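S.K.: The structure follows.
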Amino acid sequence: MKNHGIDPNRIIDLNNVSIFQKDTLILTNVNLKISKGEFVYLVGRTGTGKSSLLKTLYGDLPLQQGIGHVVGYDLRDVTWKNVPYLRRKMGIIFQDFQLLMDRTVGDNLVFALQATGWKNKGEIQQKVRLVLENVGMIHKLDTMPYELSGGEQQRIAIARSLLNDPALILADEPTGNLDPETSQEIINLLYQICMQTETAAFIGTHDYNIIRQFPGRIVKCLDGKVLVSSEI
76 MKNHGIDPNR IIDLNNVSIF QKDTLILTNV NLKISKGEFV YLVGRTGTGK SSLLKTLYGD
136 LPLQQGIGHV VGYDLRDVTW KNVPYLRRKM GIIFQDFQLL MDRTVGDNLV FALQATGWKN
196 KGEIQQKVRL VLENVGMIHK LDTMPYELSG GEQQRIAIAR SLLNDPALIL ADEPTGNLDP
256 ETSQEIINLL YQICMQTETA AFIGTHDYNI IRQFPGRIVK CLDGKVLVSS EI
């Protein structure tokens, strides 16, 4: 449920949180605060809990211990019934794009809007065109996803993440399947979106070259802990 007693500029606020995969403890004593407009990287070796942390934030893993608020919602109150309302305040981007290959770019975005409760056809079409323009892909409106390059597919995934004007973008290895030049373009796009809209971004990555090119605060998963620092 939504919590009205916390700072509206605080997008993520975790206090003494422990994160589990079923009964297995993954991360302990997590204290993390991210505010509106912040661009934050999540780093750490494979298997250190990065994806589990992100899944907790978007309601895929229940919060079992500690206190956590994300985009104004108390994670302790999030259930499968109300998790869609939590996710409407977020844009979630995955490494493998997760586009529907049997429909056009435009229809992918229409489907996403309808799934989050949009009903007015005119407003839907207007919103689809707006987010595609924002990511430089309006000319691909009627293209099938399999006709696009990996970088173009990820741009469409970013457009989809922007449909509901999110307060937070969560990205799990968004450049993992892309070449270095395309990776730079994708992170630059996310960086510009955050700077222009005050959307917070929390980006899981292994790519330290990207971090050097687009500086941001760094959060690191290591030995069951989450370390918050400005440098590695």
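Start counting the sequence shown at 76; every next residue gets the next number (the numbering used here). The beta carbon of each residue, even a glycine, is placed where N, CA and C say it ideally should be. Remember, it's a predicted structure, so these values are computed and weren't measured experimentally.
Let me know if Met-165 comes out buried or exposed under the rule of 16 or more other beta-carbons within 10 Å of its beta-carbon.
M.R.: buried
S.K.: Between the C-alpha atoms of Asn-90 and Phe-114, what's the straight-line distance to the nearest angstrom?
M.R.: Between Asn-90 and Phe-114, the alpha-carbon positions lie close to 20 Å from each other.
S.K.: Which residues does DSSP pair with Glu-281 in a beta bridge?
M.R.: Checking the sequence shown, residue 281 turns out to be His, not Glu. Answer is none; His-281 lacks a bridge partner.
S.K.: For the pair the region 138 to 147 and the region 116 to 129, tell me if three or more CB-CB distances fall below 8 Å.
M.R.: no
S.K.: Which same chain residues, not among the five before or five after Ile-109, have their C-beta less than 7 Å away from its C-beta?
M.R.: Ile-86, Ile-87, Val-115, Ala-275, Phe-277
S.K.: Thinking just about the alpha-carbon of each residue, which of Val-303, Arg-162, Ala-187 is nearest to the one in Arg-292?
M.R.: Val-303
S.K.: Within 10 angstroms of its Cβ, does Ala-246 collect 16 or more other Cβ (buried), or is it exposed?
M.R.: It is buried - the Cβ of Ala-246 has at least 16 other Cβ atoms within 10 Å.
S.K.: Return the chain-ordered ranges of every alpha helix (DSSP H) run that is complete within the region 80 to 163 and spans a minimum of 4 residues.
M.R.: 125 to 132, 158 to 162
S.K.: Given Asn-84, which residues of its chain have a CB within under 7 Å of its CB, disregarding the five upstream and five downstream residues?
M.R.: Taken in chain order, the residues that qualify are Ser-110, Lys-111.
S.K.: By Cβ distance below 7 Å, which residues in the same chain neighbour Ile-167 in space, the five residues on each side in sequence not counted?
M.R.: Tyr-133, Ser-236, Leu-245
S.K.: Ile-231 and Leu-297 - do their beta-carbons sit closer together than 9 Å?
M.R.: no
S.K.: Taking the alpha carbon of Thr-250 as the reference point, which residue from Val-153, Glu-222, Ala-242, Tyr-283 has its own alpha carbon closest?
M.R.: Tyr-283
S.K.: Taking contact to mean 3 or more Cβ pairs, one atom from each stretch, closer than 8 Å, check whether the region 201 to 217 and the region 154 to 165 are in contact.
M.R.: no
S.K.: From Thr-121 to Val-301, what does the alpha carbon distance come to, in whole angstroms?
M.R.: 14 Å
S.K.: With which residues is Phe-169 paired in a DSSP beta bridge?
M.R.: Asp-247
S.K.: Using 10 angstroms around the beta-carbon of Ser-258, count the other beta-carbons present and answer buried if the total reaches 16, otherwise exposed.
M.R.: buried
S.K.: How many whole angstroms separate the CB atoms of Leu-264 and Val-210, which I take to be in contact at a CB cut-off of 8 Å?
M.R.: Cβ-Cβ separation between Leu-264 and Val-210: approximately 6 Å, consistent with a contact (criterion under 8 Å).
S.K.: Looking only at its own chain, which residues have a Cβ that is under 6 Å from the Cβ of Asn-183, when we skip the five neighbours before and after it?
M.R.: Leu-174, Leu-175
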